[in-house]
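By the count of my numbering, the sequence shown reaches residue 337 at its end, each step adding exactly one.
Structure first, commentary second.
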Amino acid sequence: MNLESVYIEHQSELQLHLARIVDCPEIAAELVQEVFIIFSKEIRRQKIDHPRGFLFRTAKNLAYDHIKHRKVTEKHINNTSLLPSEEAPSAEHQALVEEKLSIFSAIVDELPERVREAFILNRVYGMTYAEIAVELNISGSAVEKLISRALLHYRQQFKIRQSDLSND
């Protein structure tokens, strides 16, 4: 499989697709580059029978991760910018918040792909279970199970990691 020909064949379509998801052509271009870096590493490790499918699945995951990170960051910025300057959080408090955000992101990244996808669609995009079922082409009860699994994992891991944090 020739990486250059795959790039030429799919790059523009992939970039348009990502631009619709992340709503920014520059970020979409960066994500496309990242997708092809991942793709080039994977074709050395394994045979990829359907490169287009691999590229679009990887792109979708990177886009969701980017949006998740952006929303968390925006929420944090909005929360801290609403405080009057004399009530602004201390550097210690901000470091703790950033540590918790980092833990959240790491925990979400540990989830199996399908579980993570459903969780992000629900918690980041605010999609209902019915909308997620249509998006992922699964039943509503399957969505409920995926979200429950994600929440259970998140609660367990956050408890463990937060206790580790307080022991430091």
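Positions of the beta carbon are idealized from the N, C-alpha and C atoms, including for glycine.
Note that the structure is a prediction, hence the values are computed from the model and not measured.
- Comparing alpha carbon positions, the residue from I329, L290, Y323, Q326 closest to V312 is L290.
- Between V277 and H245, the beta carbon gap of about 16 Å keeps them out of contact (Cβ cut-off 8 Å).
- Taking 8 Å as the cut-off, the Cβ atoms of A228 and L200 count as close.
- Per DSSP, the continuous alpha helix (DSSP H) segment holding Y298 begins and ends at 298-305.
- Taken through DSSP and simplified to helix, strand or coil, K240 comes out as helix.
- In this structure, the alpha-carbon of V303 lies about 28 Å from that of A198.
- A buried status is given to H179, since no fewer than 16 other beta-carbon atoms sit within 10 Å of its beta-carbon.
- Counting C-beta atoms within 10 angstroms of its own C-beta, E286 has 16 or more neighbours from the protein chains shown and is therefore classed as buried.
- With a cutoff of 8 Å on beta-carbon distance, L270 and V241 are scored as near each other.
- Contact between S274 and H235 is ruled out by a C-beta separation of about 12 Å, above the 8 Å threshold.
- In terms of Cα proximity to G222, the closest of K328, I177, F208 is F208.
- In the three-state scheme derived from DSSP, where H, G and I count as helix and E and B as strand, G222 is classed as helix.
- Here V191 carries a helix assignment [DSSP, helix/strand/coil].
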